[in-house]
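Let me begin by presenting the structure, written as structure tokens, before commenting on it.
2 protein chains.
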Amino acid sequence: MPEPTTPKLKQEQAELVVLALLRDEPKYGYAISRDVQARSDGAFRLTPGALYPLLTKLEKQGLVSASWEEVKADTADPDADGRRRKWYRLSAKGQRRLDQRIADHRRFTQLIDGFIEGDAARASA
Amino acid sequence: MPEPTTPKLKQEQAELVVLALLRDEPKYGYAISRDVQARSDGAFRLTPGALYPLLTKLEKQGLVSASWEEVKADTADPDADGRRRKWYRLSAKGQRRLDQRIADHRRFTQLIDGFIEGDAARASA
DNA sequence: GGCGATATATCTGTTATCGATATATCCTGC
DNA sequence: GCAGGATATATCGATAACAGATATATCGCC
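Top line first, the protein sequences correspond to chains H and Z.
Count the first sequence with my numbering and you get residues 75 to 199, in order.
Count the second sequence with my numbering and you get residues 75 to 199, in order.
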């Protein structure tokens, strides 16, 4: 079977997408994973093996800040290790990085478009 | 020093670019390499280590057809192994593949654009 | 004749990618 | 009350891709 036509999310695009998703509001990892799939109509996937190393990297670089939230259905036992959610929010540095990634993306697609148009563009000019 | 902002040509984009360059006219490897750099203003590079395996792959898949040309400055000795040029031309199958790669690229950029626009697009709609 | 550009091609050490694996909780149906 | 699937975070390992170095040989210029 030949390669699938549905494009996979590469690390560079994954960074852009994750930062863009966090721009609107803070999110935790699993929600990001769901949003990526939902908002790309299933074309993009961000599996755990790609998502969590990426989020750790972003945190280390100071592009996002993270804080834990303990999700407790009943508050009977405070020591009960309920489901944890690690919330990520975009930092000012992350916003600047996002702006740059968007600029990079625009430039990249314009260059590719130039090759697609080929000689036709220059001939008609 | 962090990652360079100039994007490198990945294999999938390299295939698109090479097929697009061959659409206008047949070319040999080194000319393709030069064109890639020239027409992207130096932003894209296609080094020998990436270019020749790719051309071999395209040839095996029947997307391009290749033929050798012997470049002889003087024709004194026919046995003299002059500089060889392997000319590649786009096949009908290659043209179809190019069309598909263009469609894939358009879809991909549209999806990324959707993430870049974010909630603003839906809010203003 | 030497040097840089032309021209094709392979090889290899490093990095990236993907799926599998691991752990633990929450919710729903039975 | 318990089994199974969804939720949630995180790591690991086999494979694949990448960039740069290496190899060979010719051509043009000085």
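All C-beta atoms, glycine included, are put in the ideal place defined by N, C-alpha and C.
Remember, predicted model here, so these are calculated numbers, not experimental data.
Residue-level contact to chain Z via CB, residue i, 9 angstroms cutoff
i, result
"H:I106", "no"
"H:A117", "yes"
"H:V138", "no"
"H:R163", "no"
Simplified DSSP assignment, three categories, for residue i
i, result
"Z:R119", "coil"
"Z:E89", "helix"
"H:E99", "coil"
"Z:L164", "strand"
"Z:S141", "strand"
Chain-ordered chain H contacts of residue i [CB-CB under 7 angstroms]
i, result
"Z:S114", "L185"
"Z:A94", "F189, I190 and G192"
Closer than 9 angstroms at the beta carbon, the chain Z residues around residue i
i, result
"H:R97", "G192 and D193"
"H:A124", "Within 9 angstroms Cβ-Cβ: nothing; H:A124 doesn't reach chain Z, min ~16 angstroms."
Within chain Z, the residues that residue i reaches when beta carbons sit closer than 7 angstroms
i, result
"H:Q87", "I186"
Cut-off 6 angstroms between Cβ atoms - residues of its own chain near residue i, not counting five sequence neighbours on either side
i, result
"Z:K167", "G136 and L137"
"H:P100", "W161 and R163"
Closer than 9 angstroms to chain H by CB, residue i
i, result
"Z:L215", "The requested residue 215 of chain Z is not part of the displayed model; chain Z covers only 75 to 199."
Cβ-based neighbour list, residue i, same chain, cut-off 7 angstroms, excluding 5 preceding and 5 following
i, result
"Z:R171", "L93 and L137"
"Z:T149", "Only weak support exists for where Z:T149 lies, its pLDDT of 46 falling under 50; the value from the coordinates is given anyway. None."
Sequence-distant residues of its chain with Cβ nearer than 8 angstroms to residue i (five each side left out)
i, result
"Z:V256", "With chain Z represented from 75 up to 199, any question about residue 256 of chain Z goes unanswered, as that position is not in the structure."
Rounded separation between residue i and residue j - CA only
i, j, result
"Z:E133", "H:Q174", "38 angstroms"
"H:A112", "Z:W142", "50 angstroms"
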